[in-house]
Amino acid sequence: MQYEEIPAGNIILDRADRSLLIVESTIPKPMFQSTRGIKPGSVKEEKPGVWYVYLEPGVQLVSIMAEGYLPIEDLRHNFQPRQAWRLRITPKVVKLEGHGNVSIMTDPPACYVVFNRIRLPEKTPLTLQDQPTGDHKIQFDGGFEWVPLDTMITVHKDSTVSYNFRLSNRQFAHLKLTSDPPGAEVYFDDKSLGKTPIDRNDMIAGEYTVKLNLVDHYPSSEQITLREGEVTSKHIELKPHTGILEVFTEPADAEITIDGDKIGTSPVVQENITVGLHKIIASINGYYETEDSSLVEYGKTTNLKLELKPKPGNLVVTSEPVGASLFLNCKLHNQVTPAEIDSVPVGVYRLHGRLLGYHKLVKNVRIEPGGYAELDLSFRLKQRSEAVKRSLWFPGSGQRFAEHKTRGWLITAAQVAAIAFAGYAYMDYFEKSDAYDEAYDIYRQAFTGQELSNSKQQLINATDDRNQAAMISNTALAVIGGVYTLNILDVTLLEGGRIRIKSMNMSLKTERRTK
74 MQYEEIPAGN
84 IILDRADRSL
94 LIVESTIPKP
104 MFQSTRGIKP
114 GSVKEEKPGV
124 WYVYLEPGVQ
134 LVSIMAEGYL
144 PIEDLRHNFQ
154 PRQAWRLRIT
164 PKVVKLEGHG
174 NVSIMTDPPA
184 CYVVFNRIRL
194 PEKTPLTLQD
204 QPTGDHKIQF
214 DGGFEWVPLD
224 TMITVHKDST
234 VSYNFRLSNR
244 QFAHLKLTSD
254 PPGAEVYFDD
264 KSLGKTPIDR
274 NDMIAGEYTV
284 KLNLVDHYPS
294 SEQITLREGE
304 VTSKHIELKP
314 HTGILEVFTE
324 PADAEITIDG
334 DKIGTSPVVQ
344 ENITVGLHKI
354 IASINGYYET
364 EDSSLVEYGK
374 TTNLKLELKP
384 KPGNLVVTSE
394 PVGASLFLNC
404 KLHNQVTPAE
414 IDSVPVGVYR
424 LHGRLLGYHK
434 LVKNVRIEPG
444 GYAELDLSFR
454 LKQRSEAVKR
464 SLWFPGSGQR
474 FAEHKTRGWL
484 ITAAQVAAIA
494 FAGYAYMDYF
504 EKSDAYDEAY
514 DIYRQAFTGQ
524 ELSNSKQQLI
534 NATDDRNQAA
544 MISNTALAVI
554 GGVYTLNILD
564 VTLLEGGRIR
574 IKSMNMSLKT
584 ERRTK
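If you read the sequence shown in the working numbering, its first letter stands for residue 74, the second for the next number, and so on.
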């Protein structure tokens, strides 16, 4: 049979899941096959000599056969949804009238036979009885070691034709196939061969399409030619799936290492990084190294934020003179200068330095992550004149300034008590004075001898009480003055040098350390 393509006309199907093959044929009862299959009821003789074959859309290979004619095989066409493809079939080889017999033998024997696309149950040698005259297509399959044979035979009317076919031995090739990474699934012309590495010496020579598939990697497809009796070695690099990894740190500018490779300083954006679990390490001077893992997914951006913990710093404090007590944020430290304080948490501190006989020092110091801070305290000696000035302002304060705190508080308490007593005495004096004035007024207004006698006695008593209160108040003022004078005298005669001598002796026993 032969065919020609003719215009299909304006035929549009009502279903998007179907395409149409229209065949005009003068040959009766054509048969149709397709690589995608033809559903039952999908072939109709729409009118005499015109056949409608409904197919699925897509690329298909179509074969058309009829009894007594050579078939039209593997017509390739891309069937579009709702559209039609039209062919006209005409005879090419004239059908011979009658029937005949065919005797078939093969070397090797016991080959499978496909006669006119129908697989026969018998194996060679065999005889085909009562076959239509004409040319017929026949195929032989002797097994894996033999090359299949595809040929034609002719049946003659009322006779038996004998055929003896010899199949060729198949020649094998040796294939060595590896991949990086290994373990990829290998397909030769869509037939699975297993996983790499492949080492087989039973491959059939020829040209193949080799496909490799591996999880989390892009598939690979290459052409490879296997030659008879030769070893073909092939190594295929598989490109892994990739994603994007963004790494941020607090603080920034940390050194970032991914899977042992230094990438740069944060923040970093690593593109085309292979999918899977990755180990990320962030490090920066003065901070503890931080490690974490992150799962990168195909075609996605993964964000990772790492927070680095600062290392404590060291603080070295020296002083002149040495032996000063240290307070960090009002907390007494157990060392005296010169002192090295280890493992001080990061932050800003208020440092107090105290030394007997010297003015207190207050300084602020910042401890940086993993840093090393140094402070040198220079104490100023307390002067006797400063103590005198303070005691002049309030008794006892000069003694406390000179580190004689007990004596200072006693003098202050005595002065406060004297002032309180003086206040009480003056209030009593004012009351007694008012009583005296009242008694004097009564005495002046007396008219009788009895009244005069009584008022005079009251006046005498009021006078005695007032004079006694005046004496007590004057004594209180004298006590105040005495305490104040004693305070000045005491602070003037204080042994201020005693404190300074103690500090100097301590400095002789302590070695000054420097870093």
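C-beta atoms are modelled at their ideal positions from N, C-alpha and C, and glycine is treated no differently.
Opposite residue i in the DSSP bridges: which residues?
i, result
"M225", "K210"
"L318", "Q343 and T375"
"I329", "G337 and A355"
"N431", "Position check: residue 431 holds Tyr in this sequence, whereas Asn was assumed. Answer by DSSP bridge pairing, in chain order: L454."
"D365", "I353"
"I545", "According to DSSP, I545 bridges with nothing at all."
"S398", "V409 and R427"
"L299", "G279"
"K382", "K382 pairs with nothing; no bridge assigned."
"E323", "E380"
"I414", "L388"
"K529", "Per DSSP, none; premise fails for K529."
"N237", "M178"
"V590", "Outside the shown range of the chain, which is 74 to 588, sits residue 590, and nothing can be said about it."
"Y557", "Paired residues: none, contrary to the question."
"V438", "Y422"
"N151", "V132"
"K404", "L401"
Provide the residue span of the beta strand (DSSP E) that contains residue i, from first to last.
i, result
"E195", "I191 to K196"
"P205", "L199 to P205"
"V175", "H172 to D180"
"Q75", "Q75 to I79"
"D90", "Careful: D90 lies outside any beta strand (DSSP E) and carries neither H nor E."
"R427", "G420 to R427"
"N387", "G386 to E393"
"W219", "Premise fails: W219 is in no beta strand (DSSP E) and is neither H nor E."
"T305", "V304 to E310"
"A183", "Segment: none, A183 is in no beta strand (DSSP E) and carries neither H nor E."
"L160", "A157 to T163"
Regarding residue i and the ligand COA, is the C-beta to nearest heavy atom distance less than 7 Å?
i, result
"K230", "With respect to the ligand COA, the structure shown offers nothing to examine, as it has no ligands at all."
Going by alpha carbons, who is nearest to residue i out of the options?
i, options, result
"I111", "S98, S92 and A355", "S92"
"T200", "T233, P181, C184 and T224", "T233"
"T374", "G114, N189 and N345", "N345"
"G426", "L401, Y445 and F474", "L401"
"N174", "N274, C184 and D208", "D208"
"E78", "L86, W158, L143 and E119", "W158"
"Y125", "E524, Q202, P103 and M500", "P103"
"T267", "I277, P255 and A278", "The question names Thr, but residue 267 in the sequence shown is Gly. Nearest of I277, P255 and A278 to G267, Cα basis: P255."
"I84", "R155, V132, A490 and V489", "R155"
"E129", "G359, R190 and S115", "S115"
"M276", "V220, V564, K312 and E258", "V220"
"G82", "S416, K436, Q202 and L160", "L160"
"Y499", "A549, E310 and K462", "A549"
"G555", "S176, G496, N534 and I492", "I492"
"D180", "K165, K196 and R192", "K196"
"M178", "T227, E146, I162 and F238", "F238"
"N286", "S306, D253 and I297", "D253"
"Y513", "Y557, L388, P313 and D537", "D537"
"R88", "P113, I145 and Y127", "Y127"
"N242", "A278, T558 and G337", "A278"
Subject >> beta strand (DSSP E) segments (min. 3 residues) lying fully within the region 98-148 >> reply: 104-107, 116-120, 123-128 and 131-138
Original post:
Can you give, in chain order, each stretch of the alpha helix (DSSP H) that sits fully within the region 442-527 and has at least 4 residues?
Top reply: 457-466, 470-474 and 478-517
Subject >> Inside the region 239-297 only - beta strand (DSSP E) runs reaching at least 3 residues >> reply: 245-253, 258-261, 264-268, 271-277 and 279-286
Original post:
Are the region 369-382 and the region 313-322 touching, with three or more C-beta to C-beta distances below 8 Å?
Top reply: yes
Original post:
Pairing CB atoms from the region 511-522 with CB atoms from the region 445-457, are three or more of them under 8 Å?
Top reply: no
Original post:
Is there contact between the region 296-305 and the region 239-252, where contact requires at least three CB pairs shorter than 8 Å?
Top reply: yes
Original post:
Is there contact between the region 85-101 and the region 149-161, where contact requires at least three CB pairs shorter than 8 Å?
Top reply: yes
**OP:** Please confirm if the region 262-272 is in contact with the region 203-219, defined as three or more CB-CB distances below 8 Å between the two stretches.
**Re:** no
**OP:** Assess, as a yes-or-no matter, whether the region 448-460 is touched by the region 389-398 under the definition of 3 or more beta carbon pairs within less than 8 Å.
**Re:** yes
Original post:
Counting pairs of beta carbons, one from the region 408-425 and one from the region 350-357, are three or more of them closer than 8 Å?
Top reply: no
Original post:
Between the region 468-478 and the region 532-549, are three or more C-beta pairs nearer than 8 Å?
Top reply: no
Original post:
Can we say the region 283-295 touches the region 222-240, given the rule of at least three CB pairs closer than 8 Å?
Top reply: no
Original post:
Are at least three pairs of beta-carbons, each pair with one atom in the region 482-499 and one in the region 455-474, less than 8 Å apart?
Top reply: yes
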